[in-house]
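2 protein chains.
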Amino acid sequence: MTTSTVGIIGLGAMGAGIAKTLRDRGHNVAVCDVRPGAAEAFAAQGGTACANPAEVAAISQVVVSVVVNAAQTEAVLFGEHGAAATMQAGATFIMCSTVDPNWSVAMEGRLNALGLHYIDAPISGGAAKAASGQMTMMTSAKPEAYAAAGKVLDDMAGKVYRLGDCAGAGSKVKIINQLLAGVHIAVAAEAMALGLREGVKADALYDVITNSAGNSWMFENRMAHVLAGDYTPLSAVDIFVKDLGLVLDTARATKFPLPLAATAHQMFMQASTAGFAKEDDSAVIKIFPGITLPEAKA
Amino acid sequence: MTTSTVGIIGLGAMGAGIAKTLRDRGHNVAVCDVRPGAAEAFAAQGGTACANPAEVAAISQVVVSVVVNAAQTEAVLFGEHGAAATMQAGATFIMCSTVDPNWSVAMEGRLNALGLHYIDAPISGGAAKAASGQMTMMTSAKPEAYAAAGKVLDDMAGKVYRLGDCAGAGSKVKIINQLLAGVHIAVAAEAMALGLREGVKADALYDVITNSAGNSWMFENRMAHVLAGDYTPLSAVDIFVKDLGLVLDTARATKFPLPLAATAHQMFMQASTAGFAKEDDSAVIKIFPGITLPEAKA
Numbered sequence: 007m008t009t010s011t012v013g014i015i016g017l018g019a020m021g022a023g024i025a026k027t028l029r030d031r032g033h034n035v036a037v038c039d040v041r042p043g044a045a046e047a048f049a050a051q052g053g054t055a056c057a058n059p060a061e062v063a064a065i066s067q068v069v070v071s072v073v074v075n076a077a078q079t080e081a082v083l084f085g086e087h088g089a090a091a092t093m094q095a096g097a098t099f100i101m102c103s104t105v106d107p108n109w110s111v112a113m114e115g116r117l118n119a120l121g122l123h124y125i126d127a128p129i130s131g132g133a134a135k136a137a138s139g140q141m142t143m144m145t146s147a148k149p150e151a152y153a154a155a156g157k158v159l160d161d162m163a164g165k166v167y168r169l170g171d172c173a174g175a176g177s178k179v180k181i182i183n184q185l186l187a188g189v190h191i192a193v194a195a196e197a198m199a200l201g202l203r204e205g206v207k208a209d210a211l212y213d214v215i216t217n218s219a220g221n222s223w224m225f226e227n228r229m230a231h232v233l234a235g236d237y238t239p240l241s242a243v244d245i246f247v248k249d250l251g252l253v254l255d256t257a258r259a260t261k262f263p264l265p266l267a268a269t270a271h272q273m274f275m276q277a278s279t280a281g282f283a284k285e286d287d288s289a290v291i292k293i294f295p296g297i298t299l300p301e302a303k304a
Numbered sequence: 007m008t009t010s011t012v013g014i015i016g017l018g019a020m021g022a023g024i025a026k027t028l029r030d031r032g033h034n035v036a037v038c039d040v041r042p043g044a045a046e047a048f049a050a051q052g053g054t055a056c057a058n059p060a061e062v063a064a065i066s067q068v069v070v071s072v073v074v075n076a077a078q079t080e081a082v083l084f085g086e087h088g089a090a091a092t093m094q095a096g097a098t099f100i101m102c103s104t105v106d107p108n109w110s111v112a113m114e115g116r117l118n119a120l121g122l123h124y125i126d127a128p129i130s131g132g133a134a135k136a137a138s139g140q141m142t143m144m145t146s147a148k149p150e151a152y153a154a155a156g157k158v159l160d161d162m163a164g165k166v167y168r169l170g171d172c173a174g175a176g177s178k179v180k181i182i183n184q185l186l187a188g189v190h191i192a193v194a195a196e197a198m199a200l201g202l203r204e205g206v207k208a209d210a211l212y213d214v215i216t217n218s219a220g221n222s223w224m225f226e227n228r229m230a231h232v233l234a235g236d237y238t239p240l241s242a243v244d245i246f247v248k249d250l251g252l253v254l255d256t257a258r259a260t261k262f263p264l265p266l267a268a269t270a271h272q273m274f275m276q277a278s279t280a281g282f283a284k285e286d287d288s289a290v291i292k293i294f295p296g297i298t299l300p301e302a303k304a
C-alpha cells in the first residue's frame, strides 16, 4: 500500500477519541467495536468500519487496542475473529489498557513469537483529551517496535513517554499513577467527610485546600463533583476496585507491602458493594457515616 | 500609645519570619524566645527584645504566639512569666500553632473570660513564605477579635482565610490540610518505593507522575528530596506523628473513622521509631524493605 492503515479496536470513550485524532491527523483508520453500529457511526465521517478485530487487523499495519482490561485484550487477539490470526508479519500491536505489568511482558513474548511487534502503551487523560490529541501515553517497547510504529504513537497523543526498551515499564508507571490517583481520591473523600462531620463549610474547605500544600490533582477535580452533588460517572468506583486490585496483585508478586493502596482498595470495594459501583469514583465518600453530603443543584 | 506594638512569642522558623514581615511592614514589634540570645539577635535589626511572654504582653496590644503545639501555647499564656497575666484588657491573642480544634475552642472561652480577644489562626507555607509575607493563615474568630486585630493578620500573611465567627474552624481546616498532606507524603513514598521495587527509573517516574492525574503538591515537593537522597529536615517525620495524631484525636471525639489517616500515622510512627524521627518527612520511604534508595550526590 502507498498509505498505511491504522486499526483501532474498541470505540469507547478513549478509543473513539484516539480514532478521531488519528483520522484528523491524516491516517487511514479501520475500526471495530462490540456494540452493533458503533463502527459504522464512526466511519460515516471517514474511515473503514469492520465487523471484528480479524477484519481490522487484516488491513492494518498498526493495530491499537483500546479495551478495558487484560481479559478483553486476550479476546481481541486470540478470541473468535481475533486479530492475531490476521495480522501481517512485521505489524505492530499497541496495547493501551491498564493491566498487570507481568501480563504485558508475557504478551510481548507471545506476539514476538508470531513475528509481530508489541508496544506496552497505557493511556491517561480522559475522553476529552483523547479526542483532541492531548492525552498522555506511558510506553515501553523494543527499539524495532518503536521504529515500526513510533510515528503512530506520536500522532495519537500530546505526550508519549518512552520508558524502557521492552514491555513492562509502561504498565508499571501506569499502575503507579493509578495507585496515587486511587489513594488521592479516597483521601480527598476522607478529608471532605471529616470537614462535613466537623461542620466546616465545604466550599470554604475546598477553596483553602486547593490553594494549600494539601492539594492534589484528584482532590481538586473530584471534590468539585461532591460539592455539586453530581455523581454522574466520568470514571466509576469499580474502575478503582479493578485498578487498585492490579496494583496490589503486582506488588504481591514480589511480596511488597502497600499499606495505603490496600486501605484505599478496601474503601472502593466497600463503596461498590454498598451500591455505588457504577457511580463516579468520588462516590467513595458515601461510605462515611454520620455526615450529610451536599445535594445536587435543582 | 500613638503607635501600637505587636508581640511575637517564639522566633523559630515561622515566628522569626512573621516578626520580620511585621517589622518590614512598619509595625513596632516586641519579641521573645526560650533560646538565650534569639530575641536580642532579632532586635539588633529593629524591635524590642523581651525576656519572656509576660514582658512582651505588657507592651503589646496584639500578641502572636508561634510555638509548636497546644502544651507550649498553654505555657506561653499561663506558665511562669506567662502572657495572660500582663495582657491588657481588650488585647488580642493570635494562636498560630496546629492544635486540636476542641482545645482552641476552649481557649477562646478562657481568654474571653479574662477580657481578652482570641483568634484561632494556624499558619501554612513554610519559613521562606513566612519571611516574605506570603504565608497562608486559616483563621476563625469572633467579629470583635477581627475588628481589634484584623489589620495585623492581614499584614502577617499573603492570604488570610476567615472561616468562621468563633474559634474552631481555623484549626479544623488546618488539621484537614495536615490529614491530606500527611497521607500524600506517605503515599508518594509508597508509590516511589513500588517503582524502585519494580525497577522503574526513578527520575522518569517522577517526570511522568508530576505531569499526570496522580500528582499532588506533596509528591512533587517531597519526592524531589528522595531523588536527591537528601533527608535534611525541612519538616521532620515527628511533625506528622504529631499532626496526624491530632487529626485522629479530633475524629475520635465524634467516633468518626479515618482509615487512610490512621494507616499513614502508623507509617510515620514506624519511621520515627526505626530511627528517622528527626529526618525530613520524606524519610517515611525508609520503612519499605527490599529497595535501594537513590544516594545523595557527592
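Which chain is which? The protein sequence lines are A and B, in order. Each residue of the first sequence is one higher than the last, beginning at 7 in our numbering. Each residue of the second sequence is one higher than the last, beginning at 7 in our numbering. We put the CB at the ideal spot given by N, CA and C, even for glycine. Quick caveat: nothing in here was measured; it's all calculated off a predicted structure.
What does a CB cutoff of less than 6 Å around residue i pick up in its chain, not counting 5 residues either side in sequence?
i                   : result
leucine 185/B       : Val253, Ala267
methionine 7/B      : Low local confidence applies: a pLDDT of 41 at methionine 7/B is under 50, so the model's placement there is unreliable, with the coordinate-based value given in what follows. Nothing listed; no residue qualifies.
glutamate 114/B     : Tyr124, Ala173
alanine 192/B       : Ala270, Met273, Val290
phenylalanine 282/B : Val243, Ala289, Lys292
lysine 135/A        : Met141
serine 241/B        : Asp287
lysine 165/B        : Thr142
Apply the 10 Å Cβ neighbour rule to residue i and answer buried if 16 or more other Cβ atoms are within range, or exposed otherwise.
i                : result
aspartate 286/B  : buried
threonine 79/A   : buried
arginine 203/A   : buried
methionine 46/B  : Residue identity differs from the one stated: residue 46/B is glutamate in this sequence, not methionine. That one is exposed.
glycine 96/A     : exposed
glycine 16/B     : buried
glutamate 196/A  : buried
lysine 284/A     : exposed
proline 42/A     : exposed
lysine 303/B     : exposed
proline 149/B    : exposed
arginine 228/B   : buried
glutamate 301/B  : exposed
threonine 260/A  : exposed
asparagine 217/A : exposed
proline 295/A    : exposed
glycine 4/A      : There is simply no residue 4/A to check, as chain A begins at 7 and stops at 304 in what is shown.
threonine 256/A  : buried
threonine 104/B  : buried
Going by DSSP, name the residue or residues bridged to residue i.
i                : result
methionine 143/B : Ile129/B, Val166/B
alanine 260/A    : Just to set this straight, residue 260/A is threonine in the shown sequence, not alanine. Looking at the DSSP assignment, threonine 260/A forms no beta bridge with any residue, so it has no partner.
isoleucine 14/B  : Val37/B, Val70/B
alanine 242/A    : Asp286/A
serine 222/A     : Ser222/B
tyrosine 124/B   : Phe99/B
Who are the Cβ neighbours of residue i in its own chain at under 8 Å, not counting the five residues just before and after it?
i                : result
alanine 137/B    : Ala22, Gly23, Lys26, Thr27
asparagine 183/A : Ser130, Met144
valine 35/B      : Thr11, Val12, Gly13, Ile14, Ala25, Leu28, Arg29, Gly52, Gly53, Thr54
aspartate 209/A  : Leu233
alanine 151/B    : Thr98, His123, Tyr124, Ile125
serine 278/A     : Val243, Asp244, Val247
Suppose the cutoff is 7 Å on Cβ atoms and the five residues either side in sequence are ignored; what does the same chain contact list for residue i look like?
i                : result
valine 189/B     : Leu266, Ala267, Ala270
threonine 238/B  : Asp286
proline 59/A     : Ile15, Cys38, Val82, His87, Gly88, Ala89
isoleucine 215/B : Asn221, Phe225
cysteine 56/A    : Ala36, Val37, Cys38, Ala45, Val62
serine 110/B     : Met101, Asp126, Ala173, Gly174, Ser177
*asked:* Against chain B, which members of the segment 212 to 242 of chain A pass a CB distance test of less than 8 Å?
replied: Asp213, Val214, Ile215, Asn217, Ser218, Ala219, Gly220, Asn221, Ser222, Trp223, Met224, Phe225, Asn227
*At what residue ranges does the segment 169 to 214 of chain A contain a whole run of the beta strand (DSSP E), taking only runs of 3 or more?*
none
*Quick one: complete alpha helix (DSSP H) runs, 4+ long, within the segment 34 to 113 of chain A?*
44 to 49, 59 to 64, 76 to 84
_Residues within the segment 248 to 266 of chain B neighbouring chain A, beta-carbon criterion of under 9 Å_ = Val253, Thr256, Ala257, Thr260, Lys261, Phe262, Pro263, Leu264, Pro265, Leu266
_Members of the segment 114 to 127 of chain B near chain A, C-beta cut-off 8 Å_ = none
*asked:* Taking beta-carbon pairs under 8 Å, can you tell me which members of the segment 182 to 195 of chain A lie near chain B?
replied: Ile182, Asn183, Gln184, Leu185, Leu186, Ala187, Val189, His190, Ala192, Val193, Ala194
*Residues in the segment 166 to 183 of chain A with C-beta within 7 Å of chain B's C-beta atoms, listed in sequence order?*
Tyr167, Leu169, Ala175, Lys178, Val179, Ile182, Asn183
*Using a beta-carbon distance cut-off of less than 7 Å, what residues from the segment 28 to 52 of chain B approach chain A?*
none
*If you measure beta-carbon to beta-carbon, which residues of the segment 130 to 156 of chain B are closer than 7 Å to chain A?*
Ser130, Thr142, Met144
*Residues of the segment 266 to 288 of chain B with Cβ closer than 9 Å to any Cβ of chain A, in chain order*: Leu266, Ala267, Ala268, Thr269, Ala270, Gln272, Met273
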